[in-house]
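**Q** Residue numbers (the numbering used here), protein chains in the order written: chain R, 27 to 138; chain X, 3 to 117.
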Amino acid sequence: TQLLEQSPQFLSIQEGENLTVYCNSSSVFSSLQWYRQEPGEGPVLLVTVVTGGEVKKLKRLTFQFGDARKDSSLHITAAQTGDTGLYLCAGALKTSYDKVIFGPGTSLSVIP
Amino acid sequence: DAGVIQSPRHEVTEMGQEVTLRCKPISGHNSLFWYRQTMMRGLELLIYFNNNVPIDDSGMPEDRFSAKMPNASFSTLKIQPSEPRDSAVYFCASSSLTGANGELFFGEGSRLTVL
């Protein structure tokens with residue numbers, strides 16, 4: 027059973043298009059992170075959100091944390107071929123020590 | 003600065019053999035995580051340590067898997083005996099996590115193939 031669900035699983039778009047990927051859970055997280063992974067490498071952190079309703083922008087990427095801290099979205103404006111990769115959301119469960127679990131990922135392919 | 007260092011990068015072994023994967027976390031980080039990544043199951047948390055103490059090993063598949071962290075600069079993940087279904091990329095990550103906002107720094111992974 028996946029604690030974190032991501033949609034869509036695969037996404038192929040043309041360069042210049044906009045897209046949104048989603049991360050959902052029935053659990054409440056103390057924080058949620060988005061990572062990007064390229065083939066043959068480990069995931070690299072893009073952003074951390076901690077407050078319900080929080081919106082963060084990183085150039086053409088906009089991240090939002092749901093009010094109830096159970097879901098998040100990543101919106102990319104005017105996608106570029108360099109955005110191609112696996113996008114993973116990760117949540118820190120509120121335990122005495124924070125346990126970080128990952129969603130299954132969204133594989134994005136941006137076509138020139 | 004050196005990142006998380008994992009070895010070996012690739013290992014091919016036969017079923018039944020012992021496999022030992024190694025990880026050197028970033029100096030000063032007090033949390034260490036072992037993950038396994040496959041196409042079918044994604045990135046699964048196997049075990050994590052805080053200040054060298056195993057905190058949660060509920061993700062370890064079965065008794066064939068064991069992990070140790072004898073000191074702050076070294077950890078191992080051992081599979082004995084290995085099976086073909088253990089084939090995956092194993093990642094080690096470290097963090098200076100003191101709250102919920104810590105960034106995980108990943109190594110490049112160890113790709114294991116069990117024949």
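Beta carbons are placed, not taken as given, at the ideal position from N, Cα and C, and that holds for glycine.
All values reported here derive from a predicted model rather than from experimental measurement.
Run down chain X in chain order and give the residues with a C-beta less than 8 Å from the C-beta of Val47/R.
**A** Within chain X, no residue comes near Val47/R; the closest Cβ sits about 14 Å away, beyond 8 Å.
**Q** Can you grab the Cα-Cα spacing for the pair Cys94/X / Asp88/X, in whole Å?
**A** Their backbone Cα atoms lie some 16 Å apart in a straight line.
**Q** Closer than 7 Å, CB to CB, is Pro130/R near chain X or not?
**A** Yes, because at least one Cβ of chain X sits closer than 7 Å to the Cβ of Pro130/R.
**Q** Output the distance between the C-alpha atoms of Asp58/X and Thr88/R, rounded to the nearest integer angstrom.
**A** 33 Å
**Q** Tell me the start and end of each unbroken beta strand (DSSP E) in the stretch 79-109 of chain X that is at least 3 residues and wholly inside, in chain order.
**A** 90-97
**Q** List, in chain order, every chain X residue whose beta-carbon is nearer than 7 Å to that of Ile127/R.
**A** Leu47
**Q** Which partner residues does Ile28/X have in the DSSP bridge list?
**A** The partner list for Ile28/X (beta bridge, DSSP) is empty, contrary to what the question assumes.
**Q** Return the residue from the list Leu134/R, Gly117/R, Val136/R and Gly129/R that minimises the CA-CA distance to Met42/X.
**A** Gly129/R
**Q** For Ile69/R, count neighbouring C-beta atoms within 10 Å of its own C-beta (all shown protein chains included) and say buried if the count is 16 or more, exposed if not.
**A** For the sequence presented, residue 69/R should be read as Pro rather than Ile. Flag for Pro69/R reads buried.
**Q** So for Asp58/X, helix, strand or coil by DSSP?
**A** strand
**Q** Measuring alpha carbon to alpha carbon, tell me which residue in Leu71/R, Gly79/R and Asp97/R is nearest Gln63/R.
**A** Leu71/R
**Q** State the start and end residues of the unbroken beta strand (DSSP E) segment that holds Thr110/R.
**A** Looking at the DSSP string, Thr110/R is not in any beta strand (DSSP E), and its letter there is neither H nor E.
**Q** Who are the Cβ neighbours of Arg12/X in its own chain at under 7 Å, not counting the five residues just before and after it?
**A** Sequence inspection shows His at residue 12/X; the Arg mentioned does not correspond to that position. Closer than 7 Å at Cβ, skipping near neighbours: Arg113.
**Q** Just to confirm before moving on: does the CB-CB distance between Val73/R and Phe91/R stay below 7 Å?
**A** For Val73/R and Phe91/R, no; Cβs fall outside 7 Å.
**Q** Should Leu112/R be flagged as near chain X, meaning a C-beta pair shorter than 7 Å?
**A** no
**Q** With 7 Å as the threshold, decide whether the Cβ of Asp58/X is near any Cβ in chain R.
**A** Residue-level contact check: Asp58/X touches chain R, since one or more beta carbons of chain R fall below 7 Å from its beta carbon.
**Q** Which same chain residues, not among the five before or five after Ala74/X, have their C-beta less than 7 Å away from its C-beta?
**A** Asn54
**Q** Where DSSP assigns a beta bridge to Thr22/X, which residues make up the other side?
**A** Lys80/X
**Q** Check whether the Cβ atoms of Gln32/R and Thr132/R lie closer than 7 Å to each other.
**A** yes
**Q** Just the C-alpha distance for Phe67/X and Arg38/X, rounded to the nearest angstrom, thanks.
**A** 12 Å
**Q** So, for Val54/R: in the same chain, excluding its five sequence neighbours on each side, which residues have a beta-carbon less than 8 Å away from its beta-carbon?
**A** Ala94, Arg95, Lys96 and Lys120
**Q** Let me know the beta strand (DSSP E) ranges lying completely inside the stretch 55-87 of chain R, each 3 residues or longer, listed in chain order.
**A** 55-63, 70-75 and 81-84
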